[in-house]
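The structure appears below as structure tokens.
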Amino acid sequence: MDILPKSFADRQALVDHVKALSPQAKGDAASPIEATQANLAKRLDALDPAAYGRSRNFINGKVTGLSPFIRHGMVSLNQVRNLALDRVARKSDAEKLIQELAWREFWQLVRRDHPDWIWRDAEPYKTGFSSRDYADALPQDIAAGQTGVAAIDDIIAMLTTTGYLHNHLRMYLASYVVHWRRVKWQAGARFMLNHLIDADAASNNLSWQWIASTYSQKPYIFNLENMQKYCGDAINTQAQDNQALDASYEVLTARLFPQQREMA
Ligand SMILES: Cc1cc2nc3c(=O)[nH]c(=O)nc-3n(C[C@H](O)[C@H](O)[C@H](O)COP(=O)(O)OP(=O)(O)OC[C@H]3O[C@@H](n4cnc5c(N)ncnc54)[C@H](O)[C@@H]3O)c2cc1C
1 MDILPKSFAD
11 RQALVDHVKA
21 LSPQAKGDAA
31 SPIEATQANL
41 AKRLDALDPA
51 AYGRSRNFIN
61 GKVTGLSPFI
71 RHGMVSLNQV
81 RNLALDRVAR
91 KSDAEKLIQE
101 LAWREFWQLV
111 RRDHPDWIWR
121 DAEPYKTGFS
131 SRDYADALPQ
141 DIAAGQTGVA
151 AIDDIIAMLT
161 TTGYLHNHLR
171 MYLASYVVHW
181 RRVKWQAGAR
191 FMLNHLIDAD
201 AASNNLSWQW
211 IASTYSQKPY
221 IFNLENMQKY
231 CGDAINTQAQ
241 DNQALDASYE
251 VLTARLFPQQ
261 REMA
């Protein structure tokens, strides 16, 4: 078995080496996120659990950016939890962050107990459709980030150029793929896994199942108003560029899940 080198003259030498190992990978750009010890130390230094609790749902909120480091074993969930508790005057100020760390652990345990759920529906869809109604393959316009829905295209561009997305953006993209385009969650999950630098089959695929409703009680959907509230100007949320998303929840529910209404 080949032993992978660990030291490189510079980042470009590392990038060239990885490219040679993955000739099938498209594009030239490496993620701007560098998982070095120095960058990890900076992120841990900036950890502010109370601000996290208040702002984590906002794209420019005080999220930790720790997922690539956690995913690749550079820091453990326990270390982050202990540091969070050390940083706050009241334990409750660290609650939200610790809950999110616990989600990661939860998904790992679900995978341990149900390894087949990583690629198989855990339950039927609760959308009024059966899995046969969903396309097997990811449409080309989604893969290329050219859906014509500006906010979604911006999210896909962010994913494919940086390898990182804020949790809320992952939720929007997954919901768009499964519910607006009626594509099987597995196709979207594979696409995301291929691009994320924190790619983790448990967190990723089981979150896709949660959004699809094959591992939750109802499908997760969003609308443009919700995006405008949480995204600021991180992505284009102009109404004229995002017509497919610009409606009330009631209208979207009737439009996306017409069979639910017939069943009711
Ligand atoms: C569709 C979808 C796909 C996802 N795919 C992945 C994936 O491949 N790898 C991955 O690590 N996370 C995944 N997540 C979970 C979450 O989006 C990321 O962990 C988080 O956005 C990473 O950014 P952060 O480190 O700044 O998170 P923060 O919000 O700062 O959270 C701190 C840490 O808590 C954990 N965490 C936070 N939110 C979640 C969550 N909802 N589920 C599980 N763990 C969480 C992560 O380890 C994260 O690094 C996915 C979520 C969704 C909705």
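In this note's numbering, the protein residues as written are 1 to 264.
Beta carbons are placed, not taken as given, at the ideal position from N, Cα and C, and that holds for glycine.
Note that the structure is predicted; figures quoted are calculated from it, not measured.
Pair within 7 Å by beta-carbon distance, residue i and residue j
i: HIS179; j: PRO139; result: no
i: GLN186; j: TRP119; result: yes
i: ALA84; j: TYR215; result: no
i: ALA189; j: TRP208; result: yes
i: SER175; j: ILE221; result: yes
i: TYR230; j: ASN82; result: no
i: ASP154; j: ILE33; result: no
i: ARG87; j: LEU66; result: no
i: ALA265; j: VAL183; result: The question about residue 265 has no answer here: the residues shown for the chain are numbered 1 through 264.
i: LEU252; j: ASN226; result: no
Residue i, buried or exposed, once every other Cβ within 10 Å from all chains shown has been counted against 16
i: THR237; result: buried
i: ALA151; result: buried
i: TYR249; result: exposed
i: ASN242; result: buried
i: LEU109; result: exposed
i: ILE3; result: exposed
i: ARG181; result: buried
Same chain, Cβ closer than 6 Å to residue i, five either side skipped, listed in chain order
i: LEU256; result: HIS179
i: ALA30; result: VAL15
i: THR160; result: HIS195
i: LEU97; result: PRO49, TYR52, ALA84
i: ASP200; result: ARG71
i: ILE156; result: GLY145
Residues of its chain near residue i, where Cβ-Cβ distance is below 8 Å and the 5 sequence neighbours each way are ignored
i: ILE70; result: SER76, LEU77, VAL80, ARG104, ASP198
i: HIS17; result: PRO5, PHE8
i: SER92; result: none
C-alpha distance - residue i paired with residue j, whole-angstrom precision
i: ASN205; j: SER130; result: 19 Å
i: THR127; j: GLN228; result: 25 Å
i: ARG111; j: GLY163; result: 23 Å
i: LYS26; j: VAL149; result: 23 Å
i: SER203; j: LEU196; result: 12 Å
i: ASP133; j: PRO124; result: 12 Å
i: TYR52; j: MET158; result: 22 Å
i: LYS19; j: GLN146; result: 25 Å
i: ASN60; j: ASP233; result: 9 Å
i: ALA239; j: LEU245; result: 8 Å
i: HIS166; j: THR64; result: 10 Å
i: ASP113; j: ALA247; result: 40 Å
i: LEU101; j: PHE191; result: 24 Å
i: ALA94; j: ARG54; result: 11 Å
i: ALA212; j: ALA254; result: 16 Å
i: GLN24; j: ARG11; result: 21 Å
i: LEU47; j: ALA35; result: 16 Å
i: GLN37; j: GLN260; result: 50 Å
i: LEU169; j: ASP45; result: 25 Å
Distance cut-off 6 Å: residue i Cβ against heavy atoms of ligand 1
i: GLY73; result: no
i: ASP200; result: yes
i: GLU95; result: no
i: ARG111; result: no
i: ASN226; result: no
i: THR64; result: yes
i: MET158; result: no
i: ILE70; result: yes
i: GLU34; result: no
i: ASN167; result: yes
i: LEU101; result: yes
i: LEU206; result: no
i: ARG170; result: yes
Proximity test, residue i beta-carbon vs ligand 2 heavy atom, cut-off 6 Å
i: ALA174; result: This structure simply doesn't include ligand 2; it includes ligand 1 instead.
Neighbourhood of residue i by C-beta distance below 7 Å, restricted to the same chain and skipping five residues each side
i: LEU40; result: PHE69, MET74, VAL75
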